[in-house]
Amino acid sequence: MFARDHIEYQAIDLPDRNPMSDAEMRAAAQAFYETMKTRHTVRDFSDRPVAGDVIEDCIRTAGTAPSGANHQPWHFVAISNPAIKKQIREAAEEEERRFYAGGASDEWLKALEPIGTNDHKPHLEEAPWLIVVFAQKWGYFDDGARFKNYYVPESTGIASGFLLAALHHAGLVSLTHTPNPMKFLTEFLGRPAHEKPIMIVAAGHPSQDAKVPKVAKLKKPLEEILTVAD
Ligand code: IYR
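When the letters of the sequence shown are read in order and numbered with my numbering, they come out as residues 1 to 230.
Encoded structure:
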């Protein structure tokens, strides 16, 4: 994609304009907030399958995210294969056992108490899909020469946010899971060494009796997260 003959600046008219009146704009902003505030991080999945093309479209959405120099320094691996999910669960649980048994600081473990997490990660097998997000420190021109990527954590973070929003918009629930450390994913999934796994997004439908931590409903009020300079 990044052939050397694609790197000079050319301006094109803004495509895909979406003009709105002030009233439409206000309604749209409110409606999107209403949609997004019903997104919850869920760890209890049903066995209802999710078609691969739905996941593909959600990843297409993630791929529209802005990125440093438009280098798009991400790669997603979507896994529905039960044997691979099992392998990931086993490796993640091994890391998590170390984490919860003293690898993490007391302060960190205390912070996790209200979230109710532990080293048991059945969702890694139960969710119909695991999407592993990889961050690419560098990329390659078509001729094999290497180029550096910029703002990689920011770019992959934004793309991951788009992915979570897309999954929610498609009626799915997700869980962002970050086994610590998670280098094993690079090897299991046959990704090149310069790609760093940054999270696993488990995605699917919630089980009938899915629970979320009560504290997850506590969101900081606007006054706390916003300062307006006008
Ligand atoms: N990786 C661990 C611990 C964990 C850490 C944070 I920060 C969380 O918000 C949740 C869990 C785990 O997945 O259990």
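Note that CB positions come from ideal geometry on N, CA and C, so glycine has one too.
- Query: CA-CA distance, L222 and M36?
  - Reply: 15 Å
- Could you check which residue in K217, A135, G139, A229 has the C-alpha nearest to that of A62? A135
- Message: Residues around the ligand IYR, please: the condition is that the C-beta lies closer than 6 Å to some non-hydrogen atom of it.
- Response: E96, F99, L112, I115, T117, H177, T178, P179, N180
- With burial defined as no fewer than 16 other Cβ atoms inside 10 Å of the residue's Cβ, what is the status of I79: buried or exposed? buried
- Express the C-alpha separation of F184 and V231 in angstroms, rounding to a whole number. Nothing can be reported for residue 231: it is not among the residues displayed for the chain, which extend from 1 to 230.
- Task: Could you say which of P82, A92, H71 lies nearest to P179 if we only look at CA atoms?
- Result: A92
- Report the residue from R39, M25, E8, E24 whose alpha carbon sits nearest the alpha carbon of L175. R39
- Take R191 as the anchor and find which of N149, I225, V133, K214 has the nearest alpha-carbon. V133
- Item | Beta-carbon proximity of K211 to D47, cut-off 8 Å | no
- Message: Whether or not the segment 101-120 and the segment 15-25 are in contact is what I'm after, with contact meaning three or more pairs of Cβ atoms, one per stretch, closer than 8 Å; do they touch?
- Response: no
- What is the residue span of the beta strand (DSSP E) that Q136 lies within? 129-136
- Pull up the CB-CB distance for I59 and F76, whole angstroms please, since I reckon it's below 8 Å. 5 Å
- Message: Among H194, A203, T64, whose alpha-carbon lies nearest the alpha-carbon of G139?
- Response: H194
- Query: What are the residues that DSSP puts in a beta bridge with G103?
  - Reply: Answer is none; G103 lacks a bridge partner.
- Item | Sequence ranges, beta strand (DSSP E) only - wholly within the segment 3-54, length at least 3 | none
- Query: So which of H169, A229, E8, K214 has the shortest CA-CA distance to Y33?
  - Reply: H169
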